[in-house]
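So the sequence lines, in the order shown, correspond to chains P and X. Residue numbering for the first sequence follows my numbering, starting at 1 and increasing by one per position. Residue numbering for the second sequence follows my numbering, starting at 286 and increasing by one per position.
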Amino acid sequence: MTSLRPSVLPRVRSHPLVAAGPGLWTSIAVLAFFAIAAFAPGALASHGPTALDLDHSLQGPSFSHWFGTDESGRDLYSRIIYGTRESLAIGVGATAVSISIALLLGSIAGLAGRFVAGTVNRIIEVLFSFPTLLLALLLVAVLGPSMITQIVAVGVGTAPGYARIIRGQILSAKNSGYVEAAVALGHSRWRIVRAHLVPNAVRPLVAIIALSIGQSIVWASSLAFIGLGVAPPSSEWGALLDAGRTYVTQAGWLIIVPGLVIVALALAATTLGKHIQNVLEKGEK
Amino acid sequence: MTLTSSNDSLLTSAPQHTGSLTAARARLVGRKILSAAIVLWGSATVAFAAQAALPGDRATVILNTRAGQAIERTPTELAQINSQYGLQDPVVQQYFHYIGGLFRGDLGVSYQQFRPVTSIIGEQLAPTLILTLTTIIFAWIFMIVWVTLTAGRSRLVSGFGEFVDTVTAGLPHYWLGIILLLVFALGLGWFPVIGGSSIRGLWLPALTLAIPLAGFMGQATRTEFENSLGQLFVLSARMRGMGDLAVRLRHVLRHSVLPAVTLSGWALGATISGAVIVESVFTRAGIGRTLTTAVNTQDLPVVTGIVVLIAALYVVANLVVDVIYVLIDPRLRTSA
Chain P
1 MTSLRPSVLP
11 RVRSHPLVAA
21 GPGLWTSIAV
31 LAFFAIAAFA
41 PGALASHGPT
51 ALDLDHSLQG
61 PSFSHWFGTD
71 ESGRDLYSRI
81 IYGTRESLAI
91 GVGATAVSIS
101 IALLLGSIAG
111 LAGRFVAGTV
121 NRIIEVLFSF
131 PTLLLALLLV
141 AVLGPSMITQ
151 IVAVGVGTAP
161 GYARIIRGQI
171 LSAKNSGYVE
181 AAVALGHSRW
191 RIVRAHLVPN
201 AVRPLVAIIA
211 LSIGQSIVWA
221 SSLAFIGLGV
231 APPSSEWGAL
241 LDAGRTYVTQ
251 AGWLIIVPGL
261 VIVALALAAT
271 TLGKHIQNVL
281 EKGEK
Chain X
286 MTLTSSNDSL
296 LTSAPQHTGS
306 LTAARARLVG
316 RKILSAAIVL
326 WGSATVAFAA
336 QAALPGDRAT
346 VILNTRAGQA
356 IERTPTELAQ
366 INSQYGLQDP
376 VVQQYFHYIG
386 GLFRGDLGVS
396 YQQFRPVTSI
406 IGEQLAPTLI
416 LTLTTIIFAW
426 IFMIVWVTLT
436 AGRSRLVSGF
446 GEFVDTVTAG
456 LPHYWLGIIL
466 LLVFALGLGW
476 FPVIGGSSIR
486 GLWLPALTLA
496 IPLAGFMGQA
506 TRTEFENSLG
516 QLFVLSARMR
526 GMGDLAVRLR
536 HVLRHSVLPA
546 VTLSGWALGA
556 TISGAVIVES
566 VFTRAGIGRT
576 LTTAVNTQDL
586 PVVTGIVVLI
596 AALYVVANLV
606 VDVIYVLIDP
616 RLRTSA
């Protein structure tokens with residue numbers, strides 16, 4: 001399972017995201033930076049997150065304020081650093097919600113008997129017919145905007161897509177030669193599930209989780225951008241976007257920089273996720 | 286090859302074979318239509334459940350959202366709302382009333398505006414559909430040009446092409462929209478800052494939606510494109526002395542757009558939901574903005590009406606793609 005024969009997938013190896021090149025290392029560096037920011041923001045920030053300085057409001061990026069200042073003269077860089085924890089919490093929380101739902105629906109659809117699996121399949125298809133953002137908006141409309149709503153809404157919104165992936169993983173494992181062999185050997189149904197299907201469906205989850213955390217932060221920030229996220233006094237990234245909209249014509253950096261940070265984090269998580277996915281695929285062959 | 290074999294079979298047992306073939310296809314198409322109908326029914330049920338799940342007494346919520354207050358309501362006030370919206374009926378009856386209404390094109394009455402949801406959506410649908418169609422056309426053009434130019438080139442060029450696909454596919458709409466707005470509307474002054482409904486105001490919103498979509502479709506197309514480049518028909522075309530660009534456009538492209546076509550239904554849904562963000566960035570009218578306002582005021586009939594409509598568009602678009610596949614794909618002749 002772990003023998004990495006180089007000849008197996010020559011095309012994948014030349015894939016720029018797979019070769020552990022600069023892209024992967026940059027991604028890991030970006031993720032490490034935000035991990036530090038989440039746990040010890042004081043170590044990275046140059047100012048306090050709420051330190052007012054009305055003489056220097058709405059200043060562009062400069063040496064003393066790397067990312068500029070907002071309407072109250074607060075340092076944007078430091079606010080982003082202090083907002084990391086909350087933003088990551090939303091991403092991780094939404095991923096937990098999403099993967100739990102996806103795992104439940106996906107494994108029933110992949111493993112249950114014909115009638116139950118068929119019904120659950122239909123449920124997945126119904127949920128999948130709502131685009132992610134719209135399913136999230138539907139939940140926000142019912143629950144009213146708050147941080148918890150944001151987590152649940154993004155989690156539920158992204159779940160159907162992952163449920164389909166997990167179902168696919170289980171079905172392809174179920175139809176594989178080694179499961180056929182196990183059936184032929186007379187192994188019990190439960191043993192086959194435990195020894196073959198669970199490991200093969202769970203391993204890709206690591207990649208999906210990495211992808212999902214990045215994507216969740218992007219979806220959550222989209223909700224925040226249209227004013228349906230965490231309320232502005234917070235320095236959560238989505239809230240920064242929402243607050244920056246008022247000044248977009250005078251101080252574009254108040255949106256561009258938090259947006260760039262979100263893109264950077266999502267891209268780093270996606271790159272890492274795809275790398276894990278490809279390494280796992282190589283291991284399986 | 287498929288053509289010859291089917292001709293052979295037509296020659297040997299023509300009438301009988303064609304008959305069963307048509308019947309098999311009809312059955313397959315029928316199954317697809319049935320399953321699309323089930324999904325639609327499911328989406329409508331989700332929409333109804335969302336309305337029923339609104340926390341608190343619904344009549345009170347309706348009166349308070351309208352007045353922007355949070356107070357107790359008198360029984361007379363509540364009774365009027367309850368009878369207007371049929372809220373005193375048992376849930377099952379409300380459900381059948383809702384589903385029955387959908388068949389008559391009735392999506393309920395807005396909590397906020399006292400008007401039928403259908404007419405609210407009807408007024409706002411055209412600008413969003415224009416934006417969506419423009420976006421899809423732009424995205425196809427960008428994707429085809431970019432993939433044709435960069436796929437299967439030197440490692441550096443292909444890698445860069447793929448990198449651009451990955452990055453653009455991940456760009457949040459709000460961010461790209463703001464950048465385009467700042468650069469091309471505020472900076473260069475090429476386009477109006479507030480789009481309105483003019484043609485010139487359509488460019489930036491459509492570009493904002495089309496660039497990530499092109500990146501996404503590009504990822505799917507590129508793999509197929511590079512596989513096709515190694516096929517024998519490409520070699521044979523090159524041996525006939527055909528130029529590289531001509532080979533790519535005439536032969537390779539045709540074989541590699543299928544995955545992107547399959548994504549059409551998804552692309553339609555994704556674009557319309559992206560319109561929610563983009564219409565807000567560019568202060569453009571449309572169902573996206575209507576939806577944002579409705580979510581803010583918890584005007585659930587409007588929210589669910591728009592969401593169900595978009596889900597239905599997605600299902601129908603997918604059905605059309607599926608049915609076209611059944612009709613044109615010779616391999617499905619045997620599997621049916």
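The beta-carbon is built from N, C-alpha and C at its ideal position, and this holds for glycine as well.
Can you name, in chain order, every residue of its own chain whose Cβ lies under 7 Å from the Cβ of residue i, other than the five neighbours on each side?
{"i": "X:Asn-292", "result": "Residue placement at X:Asn-292 cannot be trusted, given a pLDDT of 41 that sits under 50; what the coordinates show is reported in the next sentence. If we look at X:Asn-292 and ignore the five residues flanking it on each side, it has no Cβ neighbours."}
{"i": "X:Thr-556", "result": "Thr-417, Thr-420, Ile-421, Leu-494, Leu-498"}
{"i": "P:Leu-241", "result": "Ser-221, Ala-224, Phe-225, Ile-255, Pro-258, Gly-259"}
Interface residues of chain P around residue i at Cβ under 7 Å?
{"i": "X:Ile-595", "result": "Pro-131, Leu-134"}
{"i": "X:Ile-464", "result": "Ile-256"}
{"i": "X:Val-606", "result": "None at all; the shortest Cβ gap to chain P is about 14 Å."}
{"i": "X:Gly-554", "result": "Pro-131"}
Under 8 Å between the Cβ atoms of residue i and residue j?
{"i": "X:Val-314", "j": "X:Val-546", "result": "no"}
{"i": "P:Ile-192", "j": "P:Val-202", "result": "no"}
{"i": "X:Ala-329", "j": "X:Val-593", "result": "yes"}
{"i": "P:Ser-98", "j": "X:Pro-457", "result": "no"}
{"i": "P:Ser-46", "j": "P:Tyr-82", "result": "no"}
{"i": "P:Gly-106", "j": "P:Ser-216", "result": "no"}
{"i": "X:Ile-595", "j": "P:Leu-134", "result": "yes"}
{"i": "X:Thr-453", "j": "X:Ile-496", "result": "yes"}
{"i": "X:Leu-538", "j": "X:Leu-598", "result": "no"}
{"i": "P:Thr-84", "j": "P:Pro-41", "result": "yes"}
{"i": "X:Gly-486", "j": "X:Phe-476", "result": "yes"}
{"i": "P:Ala-231", "j": "P:Ala-239", "result": "yes"}
{"i": "P:Ile-289", "j": "P:Arg-189", "result": "Outside the shown range of chain P (1 to 285) lies residue 289 of chain P, about which nothing can therefore be said."}
Mind checking which residues open and close the alpha helix (DSSP H) that includes residue i?
{"i": "X:Met-527", "result": "Taken as a continuous stretch (DSSP letters only), X:Met-527 belongs to no alpha helix (DSSP H), as it is neither H nor E."}
{"i": "X:Asp-584", "result": "Unbroken run through X:Asp-584: none, as it is neither H nor E."}
{"i": "X:Phe-423", "result": "402 to 435"}
{"i": "X:Arg-539", "result": "538 to 541"}
{"i": "X:Ile-484", "result": "It is not in any alpha helix (DSSP H) - X:Ile-484 carries neither H nor E in the DSSP assignment."}
{"i": "P:Asp-242", "result": "237 to 244"}
{"i": "P:Asn-175", "result": "Note, P:Asn-175: premise wrong, no alpha helix (DSSP H); not H, not E."}
{"i": "X:Gln-379", "result": "376 to 388"}
{"i": "X:Trp-488", "result": "488 to 514"}
{"i": "P:Thr-50", "result": "Careful: P:Thr-50 lies outside any alpha helix (DSSP H) and carries neither H nor E."}
{"i": "X:Gln-365", "result": "360 to 370"}
{"i": "P:Thr-69", "result": "Note, P:Thr-69: premise wrong, no alpha helix (DSSP H); not H, not E."}
If you draw a straight line from the C-alpha of residue i to the C-alpha of residue j, how long is it?
{"i": "P:Arg-122", "j": "P:Ala-102", "result": "14 Å"}
{"i": "X:Ile-406", "j": "X:Thr-575", "result": "8 Å"}
{"i": "P:Val-183", "j": "P:Glu-236", "result": "52 Å"}
{"i": "X:Thr-403", "j": "X:Ala-570", "result": "16 Å"}
{"i": "X:Pro-490", "j": "X:Phe-567", "result": "7 Å"}
{"i": "P:Trp-25", "j": "X:Arg-310", "result": "52 Å"}
{"i": "X:Ala-411", "j": "X:Gly-573", "result": "12 Å"}
{"i": "P:Pro-199", "j": "P:Ala-153", "result": "29 Å"}
{"i": "P:Gly-73", "j": "P:Val-257", "result": "16 Å"}
{"i": "X:Gly-444", "j": "X:Val-346", "result": "55 Å"}
{"i": "X:Leu-517", "j": "X:Ile-426", "result": "27 Å"}
{"i": "X:Thr-589", "j": "P:Leu-138", "result": "7 Å"}
{"i": "P:His-65", "j": "X:Gly-327", "result": "52 Å"}
{"i": "P:Ile-208", "j": "X:Gly-526", "result": "46 Å"}
{"i": "P:Val-206", "j": "P:His-196", "result": "17 Å"}
{"i": "P:Pro-49", "j": "P:Arg-79", "result": "5 Å"}
Please list the partners that residue i has in chain X, where partner means a Cβ-to-Cβ separation under 9 Å.
{"i": "P:Gly-227", "result": "Ser-565, Thr-577, Asn-581"}
{"i": "P:Arg-122", "result": "Ser-320, Ile-323, Val-324, Gly-327"}
{"i": "P:Ala-266", "result": "Gly-455, Pro-457"}
{"i": "P:Glu-333", "result": "Nothing can be reported for residue 333 of chain P, as the shown portion of chain P is limited to 1 through 285."}
Between which residues of its own chain and residue i is the CB-CB distance below 8 Å, once the five residues before and five after are set aside?
{"i": "P:His-15", "result": "Because P:His-15 sits at a pLDDT of 49, beneath the cut-off of 50, its placement in the model cannot be relied upon, and the following sentence gives the value as read from the coordinates. Excluding residues within five positions, the ones whose Cβ falls inside 8 Å are Asn-278."}
{"i": "X:Val-394", "result": "Gln-369, Tyr-370, Arg-400, Pro-401, Val-402, Pro-586"}
{"i": "X:Gln-397", "result": "Thr-350, Arg-351, Ala-579, Thr-582, Asp-584, Val-587"}
{"i": "P:Gly-144", "result": "none"}
So residue i contacts chain P; which residues on that side make the cut at Cβ distance below 8 Å?
{"i": "X:Trp-460", "result": "Ile-255, Ile-256, Gly-259, Leu-260, Ile-262, Val-263"}
{"i": "X:Ser-558", "result": "Pro-131, Thr-132, Leu-133, Leu-134"}
Which residues in the same chain have their Cβ closer than 6 Å to the Cβ of residue i, if we skip the five residues on either side of it in sequence?
{"i": "X:Gly-437", "result": "Glu-511, Leu-514"}
{"i": "X:Thr-433", "result": "Arg-533"}
{"i": "X:Thr-361", "result": "none"}
Could you list which residues in chain X have their beta carbon closer than 7 Å to that of residue i, in chain order?
{"i": "P:Thr-249", "result": "Leu-471"}
{"i": "P:Thr-270", "result": "Gly-455"}
Using a cut-off of 8 Å between C-beta atoms, extract the partners of residue i located in chain X.
{"i": "P:Ser-221", "result": "Pro-457, Tyr-459"}
{"i": "P:Leu-241", "result": "Tyr-459"}
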